[in-house]
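Right, one structure below, let's go through it.
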Amino acid sequence: MKMTVRTEYRDNSATLFIEGNIDASNSADLYNFFQEVLDKNTITSVYLDLGNVVSITSSGIGKILKFYKCIDEAGGEFKIVRIGERVMSLLKDINLDKIIPVSK
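For the sequence shown, the residue numbers in my numbering are 5 to 108.
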């Protein structure tokens with residue numbers, strides 16, 4: 005399933021709605037979406053909606069972690085606001101849920 009990303013901006017926050025599979029074939033595209041958000045210097049809160057992500061590989065996880073670190077180092081808020089059980093299980097397996105705040 006092809007990955008799609010839709011971004012909604014509101015005040016100083018951005019919510020990225022990601023659907024499909026996140027893998028090596030599209031992780032660079034995902035990073036480009038992240039970079040667009042970073043380029044907007046007024047964004048202080050970022051929310052990832054992963055509720056419609058079917059699967060994610062290590063390359064996708066790496067891009068999300070890098071994005072999280074950029075936001076965190078700038079003093080911003082970063083949170084995964086919706087996530088499916090399969091992807092959540094993977095994040096728990098690698099303890100990423102201990103690093104990045106997740107709310108179902």
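Idealized CB from N, CA, C, for every residue including glycine.
No experiment lies behind these values; they were computed from the predicted model shown.
{"query": "Per DSSP, which one or two residues make a beta bridge with S49?", "result": "S17 and E81"}
{"query": "How big is the Cα-Cα spacing for L52 and G64?", "result": "13 Å"}
{"query": "Return helix, strand or coil for N56, following the three-state DSSP convention.", "result": "strand"}
{"query": "Look up G64 in the DSSP assignment and give the residues it is bridged to.", "result": "Partner(s): none; G64 has no beta bridge."}
{"query": "Short check: CB of M92 to CB of V58, under 7 Å?", "result": "no"}
{"query": "As a quick exercise: from N25, I26 and V41, pick the residue whose alpha carbon is nearest that of D15.", "result": "V41"}
{"query": "Beta carbon of I87, beta carbon of L54: below 7 Å?", "result": "yes"}
{"query": "How would you call N110, buried or exposed, if buried means at least 16 neighbouring beta carbons within 10 angstroms?", "result": "Missing from the structure shown is residue 110; the chain here goes from 5 to 108 and no further."}
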